[in-house]
Structures are given as C-alpha cells and as structure tokens.
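Okay, so here's the structure we're looking at.
Protein chains: 2
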Amino acid sequence: MKRVTLEEVARVAGVSRATASRVVNGASSVDESLRHAVQRAISSTGYLPNIAARSLVTRRADAIGLLLPDERRMDGDPHLASVVSGVTRVVRPLGVHLVLMMTGPGTREQAMSDLRCGRLDGVILVHTDPADPVPGQLIEAGLPVVLAGRPLEPMPITYVDVNQTAGAALAACRLKSLQCNRIATITGPQDTPAGQDRLAGFLAEVPDAVVVHGDFTRQSGVAAMEHLIRRCPDVDGVFVASDLMANGAIPVLHRSGRKVPDDVAVVGFDDSSAALTSEPELTTVRQPITDMAAEMARQLLRQITEPRSPAVSVVFEPSLVVRDSG
Amino acid sequence: MKRVTLEEVARVAGVSRATASRVVNGASSVDESLRHAVQRAISSTGYLPNIAARSLVTRRADAIGLLLPDERRMDGDPHLASVVSGVTRVVRPLGVHLVLMMTGPGTREQAMSDLRCGRLDGVILVHTDPADPVPGQLIEAGLPVVLAGRPLEPMPITYVDVNQTAGAALAACRLKSLQCNRIATITGPQDTPAGQDRLAGFLAEVPDAVVVHGDFTRQSGVAAMEHLIRRCPDVDGVFVASDLMANGAIPVLHRSGRKVPDDVAVVGFDDSSAALTSEPELTTVRQPITDMAAEMARQLLRQITEPRSPAVSVVFEPSLVVRDSG
DNA sequence: CTGAAAGCGCTTACAG
DNA sequence: CTGAAAGCGCTTACAG
C-alpha cells in the first residue's frame with residue numbers, strides 16, 4: 004500500500020505538479036487533453052490527495068466541530084441523531100468532517116484551541132449553558148460559530164431556532180379548540196430561552212392558565228403533574244413544554260384515575276421519540292430538527308468562507324402533530 | 004491574531020526548532036533549563052502546534068471515525084449519546100478527534116478513502132449491515148477497525164460485544180423465578196447476531212417458550228404482541244428482546260385487559276431510554292454501553308499504534324435491572 | 001543533549 | 001494555459 008503522491012500522478016500524466024494539482028482541484032482553465040491525461044493518471048494510480056499537506060497550505064481543516072452538552076444533559080434532548088443527520092447532509096458532499104465533542108472537563112477550551120490552531124474551521128454549539136463564556140469568546144475572536152437556539156442575552160451571533168412562541172400558541176389553540184375549560188401548562192426551565200418563550204407564547208393565548216414549573220426532564224414532568232392535579236383537580240387540558248416531561252406526566256394522570264385525552268387533553272412539544280413511546284401517543288408541536296441542523300451547517304460554512312460576515316438568525320416555523328393525547 | 008510558529012518559540016527561547024519541537028512533544032532528554040526556557044516561550048507566545056504540519060510528517064491524523072447507520076436505523080438504537088460519550092472519554096485526553104459519519108449514499112467509500120489518504124487513523128463500525136462488504140475490505144487492507152458487536156460471519160476482526168446469550172438467560176431466570184408458567188419471547192431479527200443470540204440464550208433456559216418474531220423496532224413489538232396474545236392467550240411471562248419493542252408491546256397487553264406485571268410479566272433488553280418511558284418501567288437486561296464504547300476506542304487506538312496486532316474480541320457481562328414490569 | 005538540514009505532499013503567486 | 005520554485009509548519013534521522 005504505497006502512498007501515491009501528486010508528483011507521481013504528474014509524472015504519469017506527463018505534466019507538472021502544478022497542472023496536476025489544478026485538475027485535482029477543478030481549476031477553471033486547464034487544456035482539455037491535459038485534463039484528461041491527468042484524470043487517467045489519477046484513476047490508474049488510485050491517487051488520493053493528502054489532506055494534511057493540503058491543509059498546511061490552504062489553512063483550512065475542512066472540519067467543523069459539534070459541541071454537545073454531556074451525556075446526562077443529552078438525555079433531555081433526544082435529537083442528537085437528527086442533528087447529526089442534518090449537519091452531515093450538507094457537510095459531507097463538501098468533504099468536510101464533522102467532529103463531535105461532548106462537554107467534559109476542558110472540552111470547551113479544547114475546542115477553542117482546535118479552532119485557533121486551525122484544526123477546526125468552525126463550531127456549532129448545542130444547548131450551551133446560558134452562563135457559558137465560550138460563545139462570547141468565540142465571536143470576539145472572530146471565529147466562525149453558530150448556536151442552536153437563541154442565546155439568552157442578545158448578542159451578535161448567528162443562531163438557528165424554531166419559533167418557540169408560535170409553537171406554544173399552536174398548542175394553546177389546540178387545547179382551546181378541544182373545548183378545554185381549565186387549562187394549565189407545565190413549563191421548561193425559566194432560565195433558558197426555550198423555557199421562557201414556550202411559557203410566554205402559551206400565556207399570550209391562555210392568560211388565565213395555571214402554571215406549574217418543570218425543567219424539561221421526565222422526572223420533573225411527574226412531579227409537576229402531581230403538583231398540578233393537587234392544586235387544580237378539575238384541569239382538563241395541559242400543555243407540557245417538552246415531550247419528555249409529558250411522558251412522565253401522563254402516567255400520573257392515569258394513576259389518578261383520569262383518562263387521556265377524554266378527561267384531560269395533553270399536548271407536548273418537540274415531537275421527539277418520547278412522543279411515540281407515550282401511551283397514548285402524544286399530540287405535540289414539531290420542530291424540523293434535521294432541517295434546522297442543515298441550516299446551521301450552511302450558516303457555519305458561509306461564515307468560514309466569508310469571515311466577518313454579519314450575524315443572522317434563522318427561525319423555523321413549528322407545526323402541530325395531532326395524535327391521540329389531545 | 005497572528006499564527007505563532009515553532010520557529011518563533013525557538014527564537015524566543017533561544018534554542019533550535021528541533022529542541023523546541025522536542026519539548027512540545029515531551030521528548031525524553033532535553034536539558035532542564037532549556038526545557039524551561041521553551042515552556043516559558045510557549046506560554047508567553049501562546050503557541051499552538053499546527054496539526055496539519057505535524058500530520059504531514061508523522062503520518063497520523065489523530066482522528067478516528069465512528070460509522071453509524073442512518074437516522075432511521077439509529078432510531079432503533081437509542082445508545083448514540085452513550086457511545087459517543089464512552090469513546091470521547093478515552094480519546095480526548097489523547098487529543099484524538101472523533102469524526103462522525105452517518106451512513107448515506109457513498110459514506111462507506113468515503114470512510115475508506117479517508118482511511119487510505121490518512122485523514123482518519125481508524126474507524127469504529129456500529130450496526131453494520133451483515134451483508135456490508137466494508138469491514139472485510141478494511142481488515143483486508145490492514146486498516147485499523149473495530150466492530151460494535153460480533154460479526155455475523157466469523158472473521159478475524161476485533162469487536163466488542165455484550166454476552167447476549169447470558170443476558171437472555173438472565174431474563175429467562177427472572178421470569179422463572181416469578182413463577183411464570185406460560186412463557187414466550189418476542190425476538191429480534193434473526194439475521195443479526197444479537198437477534199440470534201438473545202433467542203438462543205433464552206431457549207436454552209426455557210426450551211418450550213412460545214416464539215414470536217420481531218425486528219427490534221417499536222412497531223414490530225406491537226404487532227408481535229398482538230399476534231402472541233391471539234395465539235397464546237394464557238401467556239403470563241414474556242421476554243421481549245429489546246426495550247423499544249417492549250415499549251410497543253406493553254400497551255397492547257393493557258388494551259387487552261391484562262395488567263403488567265400482575266397478569267403478564269415483561270422483561271426487556273438494553274436498558275435504553277425506552278425502559279424508563281414505558282409504563283410500568285421496564286425490568287430489563289443492561290449492557291454497559293459506555294464502557295463498551297470506551298473499550299472499542301482503546302482497541303482501535305492499540306491497532307493504530309501497533310499495526311497488524313492480532314484481532315481480539317472483548318465481551319462484557321450484562322446485568323439484570325429489576326424495575327416494575329416483571 | 002543539541003542543531004543544521006532534509007523532507008513530509010501539497011498549493012499558489014510569478015513568469016512566460 | 002503551463003511550469004519552476006517557493007513555502008506552508010512541523011519532525012526526525014544524522015552528525016557532533
């Protein structure tokens with residue numbers, strides 16, 4: 004398994020290394036006959052360009068990072084596969100590698116170094132802690148970065164999000180059209196944009212809704228529902244701000260003798276796998292995760308190609324998926 | 004943001020580039036005072052080695068690939084986050100990147116090229132199609148690769164697996180100790196090692212078990228259970244070969260008026276997130292996914308460092324997690 | 001233990 | 001359009 008180099012291709016094709024390089028990189032103007040000769044040489048030798056050598060001169064790694072929260076927190080977000088899938092879709096045809104980094108001790112600093120030393124061209128940040136200083140440092144350093152989801156504090160950074168407010172409104176309207184009279188919501192954590200927006204969007208439609216707080220975890224869903232039925236026994240419609248919480252909440256309803264959706268209608272948010280593993284299956288607000296991830300990749304790529312291009316935010320519209328729970 | 008090179012570090016420290024390089028790479032024997040001078044120069048300049056340049060000469064990418072089935076099939080495997088977490092744990096301290104590749108058109112060829120052109124030092128193959136020729140090609144080419152799970156056909160390849168047979172036996176014993184008389188199993192696909200072994204392990208303990216086939220998907224779990232209660236109405240204990248199938252199967256039992264575990268005990272396999280989102284929560288066979296993934300990474304790293312080292316298989320013992328379903 | 005020098009494989013001004 | 005040449009930033013025999 005000898006390494007074939009450009010040098011060799013050039014010799015076989017009877018051209019200079021420069022010309023060979025040009026056809027490898029699809030440069031515009033190379034004589035047709037030479038181009039063919041080089042192409043033949045490439046396939047006859049089985050040539051593959053050495054990426055390290057190329058990187059060294061182009062100063063591009065052709066790799067981007069996906070920074071994820073750690074395993075524990077990932078559990079609250081069943082979207083990983085969809086995110087990877089969406090990013091992959093846009094990035095692979097370009098030969099760009101997707102490197103995964105799960106948050107652990109020193110991960111973010113690691114990512115910063117990788118960026119600075121040119122090992123990564125940019126990063127996508129998922130579920131970053133609102134207090135995390137990394138996004139700020141990144142944009143300050145002018146490094147390509149995009150956020151999954153709106154940052155807590157306004158900052159000049161590119162992000163992709165779903166219209167959380169509109170999604171919550173969709174849930175509210177569903178509950179109202181079901182003739183629910185006593186409507187409640189189990190919220191997400193109020194120190195995150197998603198948690199805040201879903202509550203605000205819901206209250207805008209149902210100002211007198213009973214509000215019980217959760218934190219997006221399944222466990223918090225059961226606790227919140229237990230609290231809710233104690234506090235408001237005649238509740239007949241509830242918007243649970245994440246499918247995972249809804250998945251925890253529904254059995255509580257059952258155990259209390261209430262049927263879903265007959266006695267209490269339940270609408271979730273996310274359309275994650277938890278929506279399908281619930282019984283009954285969840286009516287929920289869908290975010291187009293894969294498309295959103297693809298867009299994040301596109302935005303990142305643009306920033307890489309055009310440094311210092313202006314920050315933008317791209318917001319996708321959610322949709323209601325009606326199933327059996329409400 | 005000027006790039007600091009080794010050259011510069013050397014000049015600041017008043018040594019040659021070679022010496023600077025040696026301390027950067029922790030080479031054994033460099034004079035204490037020179038070492039210190041270089042270290043000072045490194046931190047004062049904020050030096051970070053250019054990985055591409057290093058790669059070019061060391062011929063190592065310091066990156067490994069994780070080849071996954073596509074999103075659809077991932078759905079049947081809720082372990083992605085755990086796998087990534089386990090691999091990351093061993094790979095990050097070494098500065099090795101984890102690049103994710105989801106199967107799509109041309110992915111496997113892509114991975115082969117990346118390996119050949121030195122962009123990846125090795126790959127971990129997850130859930131490869133039994134008919135996939137890639138693993139074979141890889142080992143034939145002498146490229147570092149490890150499989151998640153035993154290959155269907157015996158081949159000289161390193162893999163890490165859980166003892167599927169023993170796991171199924173654990174489930175069988177649980178059902179027997181619960182005094183179940185009419186025992187059944189819903190199997191995984193019989194063209195996969197996991198599907199085969201879980202059935203064989205179970206039958207070894209309960210030879211007269213009723214067997215209904217599934218394919219590890221949730222949907223197949225509901226179909227199989229519907230079939231089962233029709234065919235064997237007095238069933239009182241069932242081993243479902245994946246949590247996801249069990250998650251689909253339990254509501255079928257409920258709808259038929261049977262209580263779990265009082266009328267029918269259910270034991271799953273995987274201890275995946277579906278075990279917790281089931282109602283009641285699933286008693287199941289746990290595989291230590293994160294540890295297994297870490298071991299895959301270690302094995303791969305060893306192959307990279309010691310080419311042509313012999314193929315080994317590492318088998319982890321499963322354990323029974325008793326919860327509410329059986 | 002240390003340094004001068006060669007070389008890893010590519011791209012890209014620069015001439016022609 | 002094409003080629004000779006320089007250079008990307010590092011590591012590593014090879015002498016000393």
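The listed protein sequences correspond, in order, to chains S and D.
Just so you know, the numbering used here puts the end of the first sequence at 329, numbered straight through with nothing missing.
Just so you know, the numbering used here puts the end of the second sequence at 329, numbered straight through with nothing missing.
Every residue gets a Cβ at the ideal spot worked out from N, C-alpha and C, and that includes glycine.
CA nearest to the CA of residue i, picked from the options
i: D:Asn184; options: D:Asp135, D:Glu284, D:Pro236 and D:Gly198; result: D:Pro236
i: S:Glu143; options: S:Ile160, S:Val93, S:Gly17 and S:Ile127; result: S:Ile160
i: D:Gln306; options: D:Gly198, D:Leu150 and D:Pro264; result: D:Leu150
i: S:Arg221; options: S:Glu208, S:Gly191, S:Gly240 and S:Arg111; result: S:Gly191
i: D:Val87; options: D:Leu97, D:Leu71 and D:Gly98; result: D:Leu71
i: S:Ile292; options: S:Met248, S:Gly152 and S:Arg311; result: S:Gly152
i: S:Ser58; options: S:Leu118, S:Ser85 and S:Arg122; result: S:Arg122
i: S:Pro154; options: S:Thr131, S:Asn250 and S:Gln140; result: S:Thr131
i: S:Val137; options: S:Cys120, S:Ala114 and S:Asp124; result: S:Ala114
i: S:Gly68; options: S:Thr168, S:Ala268 and S:Asp124; result: S:Asp124
i: D:Phe242; options: D:Cys176, D:Val129, D:Leu304 and D:Gln193; result: D:Cys176
i: D:Ala13; options: D:Asp135, D:Arg326 and D:Ile45; result: D:Ile45
i: D:Ala187; options: D:Gln193, D:Leu178 and D:Thr61; result: D:Leu178
i: S:Val26; options: S:Gln182, S:Arg201 and S:His39; result: S:His39
i: D:Thr168; options: D:Glu320, D:Arg92 and D:Gly240; result: D:Glu320
i: D:Arg233; options: D:Asp274, D:Met248, D:Leu128 and D:Arg261; result: D:Arg261
i: S:Val90; options: S:Asn250, S:Val263 and S:Val126; result: S:Val126
i: S:Gly204; options: S:Gly17, S:Ala174 and S:Ala296; result: S:Ala174
i: S:Thr286; options: S:Gly329, S:Leu231 and S:Val7; result: S:Gly329
i: S:Asp65; options: S:Leu118, S:Thr110, S:Val238 and S:Val213; result: S:Leu118
i: D:Leu103; options: D:Ala172, D:Val129, D:Arg201 and D:Asp200; result: D:Val129
i: S:Ala268; options: S:Gln290, S:Gly139, S:Arg326 and S:His230; result: S:Arg326
i: S:Leu83; options: S:Ser312, S:Ala244, S:Met295 and S:Val318; result: S:Met295
i: D:Gly240; options: D:Glu10, D:Val165, D:Val209 and D:Gly217; result: D:Val209
Chain D contact residues for residue i, given Cβ-Cβ distances below 7 Å
i: S:Val87; result: Leu103 and Met105
i: S:Leu83; result: Leu83 and Ala84
i: S:Pro122; result: One detail in the question is off: residue 122 of chain S reads as Arg in this sequence, not Pro. Residues of chain D passing the Cβ test: Ile54.
i: S:Arg119; result: Leu51
Within chain S, partners of residue i - CB distance below 9 Å
i: D:Gln3; result: Only positions 4 to 329 of chain D appear in the structure, and residue 3 of chain D is not among them; the question remains open.
i: D:Ser316; result: Correct list: empty, because the minimum Cβ distance to chain S is about 26 Å.
Delimiting residues of the alpha helix (DSSP H) encompassing residue i
i: S:Val12; result: Leu9 to Ala16
i: S:Val41; result: Glu35 to Thr48
i: S:Asp274; result: Per DSSP, S:Asp274 belongs to no alpha helix (DSSP H) and is neither H nor E.
i: D:Ser24; result: Arg20 to Val27
i: S:Arg57; result: Ile54 to Thr61
i: S:Ala296; result: Ile292 to Thr308
Where the beta strand (DSSP E) through residue i begins and ends
i: D:Arg289; result: Thr286 to Arg289
i: D:Leu70; result: Ala66 to Leu71
i: S:Val324; result: Ser322 to Val324
i: D:Val318; result: Ser316 to Phe319
Contacts of residue i in chain S (Cβ-Cβ under 7 Å)
i: D:Ala23; result: Within 7 Å Cβ-Cβ: nothing; D:Ala23 doesn't reach chain S, min ~16 Å.
Neighbouring residues, chain S, relative to residue i (Cβ below 8 Å)
i: D:Arg221; result: Leu279 and Thr280
Amino acids of chain D, ordered along the chain, whose beta-carbon sits closer than 8 Å to that of residue i
i: S:Pro254; result: Glu282
i: S:Thr91; result: Leu103, Met104, Met105 and Gly107
i: S:Leu59; result: Asn53, Ala55, Ala56 and Leu59
i: S:Asn250; result: Thr280
Within chain D, partners of residue i - CB distance below 9 Å
i: S:Ser46; result: Ordered by position in chain D, no residue passes the 9 Å Cβ test against S:Ser46, which lies about 13 Å from the chain.
i: S:Ser116; result: Leu51
Near the ligand COA: residue i beta-carbon under 7 Å from a heavy atom
i: D:Gln306; result: Of ligands this structure carries none, so the ligand COA is not represented either.
>> Give the list of continuous alpha helix (DSSP H) stretches no shorter than 4 residues that lie fully inside the stretch 84-131 of chain S.
In response: 110-119
>> My parser needs the beta strand (DSSP E) runs of 3 or more residues fully inside the stretch 144-171 of chain S; what are they?
In response: 148-151 and 161-165
> Which whole runs of the alpha helix (DSSP H) in the stretch 160-236 of chain D are 4 residues long or more, in chain order?
Replying inline: 167-180, 196-208 and 221-234
> Can at least three beta-carbon pairs, one atom from the stretch 91-101 of chain S and one from the stretch 294-310 of chain S, be found at a separation below 8 Å?
Replying inline: yes
> Can you list, in chain order, the stretches of the beta strand (DSSP E) that have 3 or more residues and sit fully within the stretch 238-266 of chain S?
Replying inline: 240-243
> Quick one: any contact between the stretch 225-235 of chain S and the stretch 275-291 of chain S, if contact means 3 or more CB pairs under 8 Å?
Replying inline: no
> Do three or more CB pairs link the stretch 47-65 of chain S to the stretch 255-263 of chain S at distances below 8 Å?
Replying inline: no
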